[in-house]
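First the structure, in the form of structure tokens, and then the observations on it.
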Amino acid sequence: MRITQSLFDRLLPSLPDGKITGIHIGLYWTAVTVEVDGDVRCGLAATVSDEDHHYTSEPAVPRAGRLLDLSARELTGLVHSAYLPEVSVGLAAVNALLPRLSDLWVNLHSKEVLARLGADKTVAMVGHFPFVHELRPRVGKLWVLEQNPQDGDLPASSAPEIIPQADVVAITAMTLLNRTFDELIALCRPGVPVLVIGPTTPLSPILFELGATILSGAVVEHPESVLRGLEQGANFHQLRQMGVRLVSMSAQPIPT
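Okay, so the sequence shown: first residue is -9 according to our numbering, each after it adds one.
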């Protein structure tokens, strides 16, 4: 069974029921707001689009205008949709419904976690994050695998060769949206620290059961201002200033 499928098969039934109060598909980020036992929560996921639908009559979101008619469980089920923007909606709904395990969160950026774990070691990072240039001198060696390689990156197709050599592996949560997570985590050597990073990351211990050791994601603390910015095209740097906090949680102590 595919690991990504297994993740959602385990994760979705564990979620509490809730009332979906808003669905917002922004230029870069998708957000879902939900009410659970009187508590309003907001979950984020990167907006993934299919450019082919831009120029055809086939809709990218077939139920656009009717998504609020879905129950919370139906909305989270969109993680299995064949339509990429609906997958983003589904994962944002998952992140909104996840229990807030605040006692397990530490205010630590994934860049700092990787710097601590990767000191004098070889790090493989799937996805070119903005902090790559800052991280590179702080670790022994850094390989960056990217579908659209920038200077110094390796093509994503090099993953089967590169990841098994790494002492530390960081996998962007975008792989949960494009459904490559399972193949990538299967390439990691047993016992190697594996981070899942990015605001799309579900902050759930269920990911630890599948091989992840550290989750570095985001918590929306001020939904109103974050949603306003998201709807007006804000990137993640802007959303952080509007009320998003970066947190990490671990299956084992994070090195200090």
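Where a beta carbon is used, it is the ideal one built from N, C-alpha and C, also for glycine.
Legend entry - Those residues which DSSP pairs with Cys32 across a bridge: Residue numbering aside, residue 32 sits at position 42 when the sequence shown is read from its first letter. BP columns for Cys32 point to Thr23.
Inset, instruction - Just mark His14 as buried or exposed, buried being the case when its beta carbon has 16 or more other beta carbons within 10 Å. - result: Stepping through the sequence shown from its first residue, residue 14 is reached at position 24. With 16 or more other Cβ atoms inside 10 Å of its own Cβ, His14 counts as buried.
Inset, instruction - Determine the DSSP secondary structure at Ile244, reduced to helix, strand or coil. - result: Looking up residue 244 in the sequence shown gives position 254. In this structure, Ile244 counts as coil in the three-state DSSP scheme.
Inset, instruction - Compute the Euclidean distance between the alpha carbons of Pro30 and Thr23, then round it to the nearest angstrom. - result: One-based indexing of the sequence shown puts residue 30 at position 40. One-based indexing of the sequence shown puts residue 23 at position 33. First, the residue type needs correcting, since residue 30 is Val and not Pro in the sequence shown. Their Cα atoms are separated by approximately 7 Å.
Legend entry - Spatial distance of Leu87 from Asp7 (CA atoms): Locating residue 87 in the sequence shown gives position 97, where the first residue counts as 1. Locating residue 7 in the sequence shown gives position 17, where the first residue counts as 1. Going by the C-alpha atoms only, they are around 8 Å apart.
Inset, instruction - Out of Gln140, Gly181, Asp143, Leu217, point me to the one whose CA is closest to Leu200's CA. - result: Taking the first residue of the sequence shown as 1, we reach residue 200 at position 210. Nearest option by C-alpha distance: Gly181.
Inset, instruction - Figure out for me which residue from Ala35, Val103, Phe(-2) has the closest Cα to the Cα of Leu74. - result: Translated into the one-based positions of the sequence shown, residue 74 becomes position 84. Distance check between Leu74 and each of Ala35, Val103, Phe(-2) places Ala35 closest, using alpha-carbon atoms only.
Legend entry - Alpha-carbon to alpha-carbon, His227 and Gly233: In the sequence shown, the residue the question calls residue 233 occupies position 243. In the sequence shown, the residue the question calls residue 227 occupies position 237. Cα-Cα distance, rounded: 10 Å.
Legend entry - Same chain, Cβ closer than 6 Å to Ala114, neighbours up to 5 away in sequence not counted: If you number the sequence shown from 1, residue 114 lands on position 124. Excluding positions up to five away in sequence, the list reads Trp133, Ile152, Ile153, Ala156, Val159.
Legend entry - Every unbroken beta strand (DSSP E) inside the segment 143 to 187 [3 residues or more]: 158 to 162, 184 to 187
Legend entry - Nonlocal neighbours in the same chain, by C-beta distance under 7 Å from Pro139, ignoring five residues either side: Taking the sequence shown and counting its residues from 1, the one referred to as residue 139 is at position 149. Closer than 7 Å at Cβ, skipping near neighbours: Pro145.
Inset, instruction - Within its chain, find whatever has a CB closer than 7 Å to the CB of Met164; leave out the 5 residues flanking it on each side and keep chain order. - result: Within the sequence shown, the letter at position 174 stands for residue 164. Around Met164: Ala36, Gly117, Gly188, Thr190.
Legend entry - Bridge partners - Glu247, DSSP secondary structure assignment: The structure shown does not extend to residue 247, since the chain is modelled only from -9 to 246, so the question has no answer here.
Inset, instruction - Look up Lys9 in the DSSP assignment and say whether it is helix, strand or coil. - result: Along the sequence shown, one-based indexing puts residue 9 at 19. Reduced to three states, the DSSP call for Lys9 is strand.
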